[in-house]
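Residue numbers (the UniProt record's numbering): 1 to 124. Every residue, glycine too, gets a C-beta built ideally from N, C-alpha and C. Structure, as structure tokens:
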């Protein structure tokens, strides 16, 4: 599913790039900062991007999720800090929307974030 989600994000960014003077790089979208100090979006453009992603998710995966929920914006590590983190968050939300059962670690089965991805863990 990760490859499909990455392709979906690249398609949305390509669509946005058609209307932007300053293009967002898609070659390594997993590592691109989406929002924040090193982010390519300001708050208004981030919301526009997320709405387009939500629409694409509904079309491609037949699932309705909100990427701008309180859950998303209140996380200690923002799902908007990189393409990789956004994909992690989308996977969690799709799994919850489909079966609603997080595993014992509080994440959906198979979607646990490696230790280096947690705030305060190695690399943070």
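> Thinking just about the alpha-carbon of each residue, which of 63, 35, 81, 74 is nearest to the one in residue 98?
Replying inline: Ranking 63, 35, 81, 74 by Cα distance to residue 98 puts 63 first.
>> With three or more beta-carbon pairs closer than 8 Å as the criterion, would you say the segment 52 to 69 touches the segment 80 to 93?
In response: yes
> Residues in its own chain within less than 6 Å of residue 130 by CB, not counting five upstream and five downstream?
Replying inline: The structure shown does not extend to residue 130, since the chain is modelled only from 1 to 124, so the question has no answer here.
> In its own chain, which residues sit with a C-beta less than 8 Å from the C-beta of residue 82, not counting the 5 before and 5 after it?
Replying inline: 30, 31, 32, 33, 34
>> Buried or exposed, going by whether 16 or more other CB atoms sit within 10 Å of the CB of residue 85?
In response: With 16 or more other CB atoms across the displayed protein chains lying within 10 angstroms of its CB, residue 85 is buried.
> Is it buried or exposed for residue 103, if we count other Cβ within 10 angstroms and need 16 for buried?
Replying inline: Legend: pLDDT at residue 103 = 45, less than 50; position of this residue unreliable, value from coordinates given subsequently. Exposed, because fewer than 16 other Cβ atoms sit within 10 Å of the Cβ of residue 103.
> Using DSSP with H/G/I as helix, E/B as strand and the rest coil, what is residue 41?
Replying inline: strand
> With distances taken between CB atoms, is the gap from residue 132 to residue 26 smaller than 8 Å?
Replying inline: This structure does not reach residue 132, given that the chain is present from 1 up to 124, and the question cannot be answered.
> Considering only the beta carbon of each residue, do residue 9 and residue 53 sit closer than 8 Å?
Replying inline: In this structure, residue 9 sits near residue 53, with a CB-CB distance shorter than 8 Å.
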